[in-house]
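Here's the structure we're looking at; comments come further down.
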Amino acid sequence: MILEKLVNKKILIVTECFYPEEFKINDIALAWKEKGYDVDILTSVPTYPFGKVFDGYENKFYQKDEYQGINIYRVKAVTGYRESLIKKLLKYFSFMFFGTIVSMFMGRKYDYIFGFNMSALTGMLPAVAVKKLYKKPLMFWAQDIWPDSVYAYGFKKTKFLSFFLDKFVKFVYHNITSIAISGKGFESKLKPYVKSDLRFHYLPNWADDLDMDLKAYQFSKESRVHFTFAGNIGKVQNLENIIKAFLSLNDEYQEKAQLNIIGDGSNLEELKKLSCNAGNIVFHGKKPREDMAMYYKASDFLIVSLIDKPIFSVTVPAKTQTYIAAKKPILAIINGETADLIKENNLGFVARPDNIDEIKSSFIRCIKIDKKDVEEFTKNCNHLTATTFNKKRIIDSLEALLTGEMK
Numbered sequence: 021m022i023l024e025k026l027v028n029k030k031i032l033i034v035t036e037c038f039y040p041e042e043f044k045i046n047d048i049a050l051a052w053k054e055k056g057y058d059v060d061i062l063t064s065v066p067t068y069p070f071g072k073v074f075d076g077y078e079n080k081f082y083q084k085d086e087y088q089g090i091n092i093y094r095v096k097a098v099t100g101y102r103e104s105l106i107k108k109l110l111k112y113f114s115f116m117f118f119g120t121i122v123s124m125f126m127g128r129k130y131d132y133i134f135g136f137n138m139s140a141l142t143g144m145l146p147a148v149a150v151k152k153l154y155k156k157p158l159m160f161w162a163q164d165i166w167p168d169s170v171y172a173y174g175f176k177k178t179k180f181l182s183f184f185l186d187k188f189v190k191f192v193y194h195n196i197t198s199i200a201i202s203g204k205g206f207e208s209k210l211k212p213y214v215k216s217d218l219r220f221h222y223l224p225n226w227a228d229d230l231d232m233d234l235k236a237y238q239f240s241k242e243s244r245v246h247f248t249f250a251g252n253i254g255k256v257q258n259l260e261n262i263i264k265a266f267l268s269l270n271d272e273y274q275e276k277a278q279l280n281i282i283g284d285g286s287n288l289e290e291l292k293k294l295s296c297n298a299g300n301i302v303f304h305g306k307k308p309r310e311d312m313a314m315y316y317k318a319s320d321f322l323i324v325s326l327i328d329k330p331i332f333s334v335t336v337p338a339k340t341q342t343y344i345a346a347k348k349p350i351l352a353i354i355n356g357e358t359a360d361l362i363k364e365n366n367l368g369f370v371a372r373p374d375n376i377d378e379i380k381s382s383f384i385r386c387i388k389i390d391k392k393d394v395e396e397f398t399k400n401c402n403h404l405t406a407t408t409f410n411k412k413r414i415i416d417s418l419e420a421l422l423t424g425e426m427k
């Protein structure tokens with residue numbers, strides 16, 4: 021047993037975000053702590069998603085705090101990045117720089133290094149520094165694809181930028197010991213940057229724990245088909261096309277449906293303007309993660325969406341698994357791997373993200389759906405949650421890969 025062999029081994033987790041920010045890395049750290057590992061976190065001062073330092077925290081160069089027996093080492097964060105691309109870039113480079121300095125002083129004592137690559141690959145430099153300096157095994161769980169994601173967010177692919185990014189990405193990936201990928205399509209994208217003998221392990225995100233005993237929220241007094249989008253509200257989530265398609269429904273369907281948008285983000289105010297104060301498009305704001313089950317229970321369809329960019333065709337947004345765990349039909353306005361997942365497992369309906377007429381038709385299909393189809397979607401969601409997206413299985417596999425039990 022891994023636990024018997026490695027009890028009290030020390031793990032350093034390098035992640036740009038950690039508690040009180042809400043990400044799956046929190047669950048991983050707690051699970052490994054409960055198994056007997058000494059788990060420390062190297063992260064940033066919490067600022068996500070609002071771009072402001074959380075209440076109770078100071079934005080100091082270096083500070084230490086604790087969460088359920090886990091030591092957290094935090095470095096200074098750049099704030100105000102929601103409306104500024106320059107500040108967002110500075111945020112990424114800030115963690116890379118300050119995190120690397122701290123990691124070089126504290127890295128010697130650890131047996132394993134785990135990198136949670138949630139967004140910018142620059143955030144993994146502190147982990148690479150420990151690996152190179154102290155010869156520690158380093159595992160990544162890739163949640164994003166560089167350099168593709170850089171171009172997907174609007175940076176022009178110049179010869180200089182392409183050369184620089186390719187060198188940087190190759191440097192990072194050549195220094196990892198093992199890798200797990202959250203999307204099957206990641207392998208073909210990352211293969212040119214890793215050592216030829218490195219094996220990819222597909223370990224998808226699991227579904228968030230949902231308290232389905234919570235009473236369903238009442239979205240409206242009227243009997244309507246409720247469509248719900250929950251999560252970050254940015255340009256890449258493609259909510260403009262969703263709102264345009266919803267507004268184009270004729271009066272018959274408008275009266276029967278309501279679009280609920282839960283969350284916050286840089287594109288929120290633009291979307292509110294676009295909705296033209298329509299009474300059946302409701303913005304609910306950001307809600308606590310632990311309360312989301314009551315909004316899912318009140319929904320008839322849950323929406324997952326991304327703009328049509330090549331990089332997004334190989335990613336599965338983490339919310340997809342949570343929607344599946346909520347046992348609700350899914351309306352996937354997205355291409356690629358997520359669309360294939362929905363179609364192959366019969367979990368709902370799919371529309372191309374750049375085709376407003378197709379999105380509109382999907383809304384109509386949902387509104388007119390037969391009860392038997394809903395029951396079939398629900399049954400298939402149950403099966404996937406218990407198998408492919410089982411939380412314990414995934415966390416145990418990450419542990420086995422980190423410690424070398426899985427090759």
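Each residue of the sequence shown is one higher than the last, beginning at 21 in this note's numbering. For glycine and all other residues, C-beta sits at the position ideal for the given N, C-alpha and C. Here the structure is a predicted model, which means the values were calculated and not measured.
Beta-carbon contacts of residue i that lie in its chain and below 6 Å, excluding the five residues immediately before and after
| i | result |
| --- | --- |
| residue 414 | 223 and 226 |
| residue 166 | 141 and 189 |
| residue 41 | 66 and 68 |
| residue 232 | 313 |
| residue 254 | 285, 286 and 287 |
| residue 306 | 283 and 284 |
As assigned by DSSP and simplified to three states, the class of residue i
| i | result |
| --- | --- |
| residue 275 | coil |
| residue 400 | helix |
| residue 160 | strand |
| residue 98 | coil |
| residue 172 | helix |
| residue 91 | strand |
| residue 137 | strand |
| residue 418 | helix |
| residue 285 | coil |
| residue 86 | strand |
| residue 269 | coil |
| residue 152 | helix |
| residue 384 | helix |
| residue 368 | strand |
| residue 31 | strand |
| residue 46 | helix |
| residue 261 | helix |
| residue 39 | coil |
| residue 132 | strand |
Rounded separation between residue i and residue j - CA only
| i | j | result |
| --- | --- | --- |
| residue 118 | residue 281 | 36 Å |
| residue 1 | residue 192 | This structure leaves residue 1 out entirely; the chain is present only between 21 and 427. |
| residue 99 | residue 285 | 14 Å |
| residue 247 | residue 234 | 19 Å |
| residue 220 | residue 272 | 50 Å |
| residue 387 | residue 303 | 20 Å |
| residue 138 | residue 36 | 8 Å |
| residue 187 | residue 160 | 18 Å |
| residue 162 | residue 308 | 26 Å |
| residue 126 | residue 291 | 45 Å |
| residue 311 | residue 183 | 45 Å |
| residue 205 | residue 212 | 13 Å |
| residue 178 | residue 278 | 44 Å |
| residue 240 | residue 422 | 48 Å |
| residue 144 | residue 44 | 17 Å |
| residue 34 | residue 180 | 29 Å |
| residue 268 | residue 121 | 54 Å |
| residue 24 | residue 55 | In this prediction, residue 24 scores a pLDDT of 48, lower than 50, which makes its location untrustworthy; the coordinate-derived value is nonetheless stated afterwards. Residue 24 and residue 55: Cα-Cα distance of roughly 10 Å. |
Own chain partners of residue i with C-beta closer than 8 Å, once the 5 adjacent residues on each side are dropped
| i | result |
| --- | --- |
| residue 151 | 133, 157, 158, 195, 196 and 197 |
Min CB distance residue i to chain C below 8 Å
| i | result |
| --- | --- |
| residue 341 | As a matter of chain content, chain C is missing from the structure shown, which is built from one protein chain. |
7 Å CB neighbourhood of residue i in its chain, flanking five on each side removed
| i | result |
| --- | --- |
| residue 337 | 324, 326 and 358 |
| residue 237 | 314, 315 and 318 |
| residue 418 | 48, 161, 200 and 223 |
Requested in this report: Please go through the stretch 292–360 and give each complete beta strand (DSSP E) segment of 3 or more residues, from N-terminal end onward.
Outcome: 301–305, 321–325 and 350–353
Query raised in the report: At which residue ranges does the stretch 177–253 contain complete alpha helix (DSSP H) runs of 4 or more residues, listed in the order of the chain?
Result: 179–193 and 206–210
Requested in this report: Only counting runs of 3 or more residues, tell me where the beta strand (DSSP E) segments fall wholly within the stretch 59–84, in order along the chain.
Outcome: none
Query - Cβ pair count under 8 Å reaching 3, the stretch 170–179 against the stretch 58–72 - result: no
Query raised in the report: Counting Cβ pairs closer than 8 Å, one from the stretch 309–325 and one from the stretch 348–357, do we hit at least three?
Result: Yes, the stretch 309–325 touches the stretch 348–357.
Report task. Please determine if the stretch 396–410 and the stretch 355–372 are in contact, where contact requires at least 3 C-beta pairs separated by less than 8 Å. Result -> yes
Query raised in the report: Quick check: the stretch 124–139 against the stretch 99–111, are there 3 or more CB pairs under 8 Å?
Result: no
Requested in this report: Answer yes if the stretch 306–319 comes into contact with the stretch 330–346, meaning at least three C-beta pairs across the two stretches below 8 Å, and no otherwise.
Outcome: yes
Query raised in the report: Would you call the stretch 256–270 and the stretch 322–338 touching, i.e. three or more CB-CB distances under 8 Å?
Result: yes
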